[in-house]
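Q:
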Amino acid sequence: KIRHPIDAMHLGMGMLPDYRKAEGIIGDLSVRENIILAMQAKRGILDLIPMKEQEEIADKFIDLLQIKCASRETPVKQLSGGNQQKVIIARWLATDPDFLILDEPTRGIDIGTKTEIQKLVIQLAQEGKGVLFISSEIEEMLRTCNRLAVLRDGAKVGELSGDMTQEKVMKTIAEG
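Structure, rendered in structure tokens:
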């Protein structure tokens, strides 16, 4: 049973929240500190991650996700919205999750970063990770997902897979 976020983490789950500034990043902390946050929580307060390991993990994900920052010690609040989003994704990837919930991961970020995140989602799925990709942009869903659950007013009104088009999605919404 999942009663607390830590329970979900121990079950191999991670979540990128919808509102990154309020629920995702801790702006005054560094890129390094934000990246290792979930990993440290999963290990517990008594099993501190050594600084050298923190630095290696941060450097790995800064390189992997091409996070643009002056250094790993840069406060996250100084990064662009897209790079802040990448830091949150790095935080969860560092925990090696089996299942990720990404709630509006590309909202409010530049097109280049948006494309990078969409490619990452596809790569994670190809690696066998489960990804629940929540987006209000139909075209983005069609580019990124292999199956869509269509919701209207919070209720599932249909499901699509295979040859998905914007027209089919709109029809499902209208008929549902």
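Note that my numbering has the sequence shown beginning at 1, numbered continuously upward.
For each residue, glycine too, the CB sits at the ideal point set by N, CA and C.
Values in this document were obtained by computation on a predicted structure and should not be read as measured data.
Counting Cβ pairs, one atom from each stretch, are 3 or more of them under 8 Å apart for the stretch 38-54 and the stretch 103-115?
A: Touching, no.
Q: Could you give the uninterrupted runs of the alpha helix (DSSP H) lying entirely in the stretch 12-68, keeping only those of 4 residues or more?
A: Qualifying alpha helix (DSSP H) stretches, in chain order: 31-43, 51-64.
Q: So which of Val169, Gln78, Ala90 has the shortest CA-CA distance to glycine 27?
A: Numbered from 1 along the sequence shown, position 27 holds the residue referred to as residue 27. Ranking Val169, Gln78, Ala90 by Cα distance to glycine 27 puts Gln78 first.
Q: Distance, Cα to Cα, methionine 39 vs leucine 48?
A: The residue labelled residue 39 in the question sits at position 39 within the sequence shown. The residue labelled residue 48 in the question sits at position 48 within the sequence shown. Cα to Cα, methionine 39 sits roughly 10 Å from leucine 48.
Q: Would you grab the beta carbon distance between lysine 86 and isoleucine 67 for me? Rounded to a whole angstrom, and I think it's under 8 Å.
A: The sequence position of residue 86 within the sequence shown is 86, counting from 1. The sequence position of residue 67 within the sequence shown is 67, counting from 1. Yes, they are in contact, since the Cβ atoms of lysine 86 and isoleucine 67 sit about 5 Å apart, within 8 Å.
Q: Within its chain, find whatever has a CB closer than 7 Å to the CB of glutamate 175; leave out the 5 residues flanking it on each side and keep chain order.
A: As a working mapping, residue 175 is identified with position 175 in the sequence shown. Answer for glutamate 175: no residue qualifies.
Q: Please return the same chain residues whose Cβ sits closer than 6 Å to the Cβ of lysine 114, not counting the five positions on each side in sequence.
A: Along the sequence shown, read from residue 1 onward, the residue named residue 114 stands at position 114. So the qualifying residues of the chain are Thr106.
Q: What are the start and end residues of the beta strand (DSSP E) that includes aspartate 103?
A: For this step, residue 103 is matched to residue 103 along the sequence shown. Note, aspartate 103: beta strand (DSSP E), 99-103.
Q: Taking glycine 44 as the reference, give the member of Asp163, Glu137, Thr95 with the closest Cα.
A: Within the sequence shown, numbered from 1, the residue matching residue 44 stands at position 44. With distances taken between Cα atoms, glycine 44 lies closest to Thr95.
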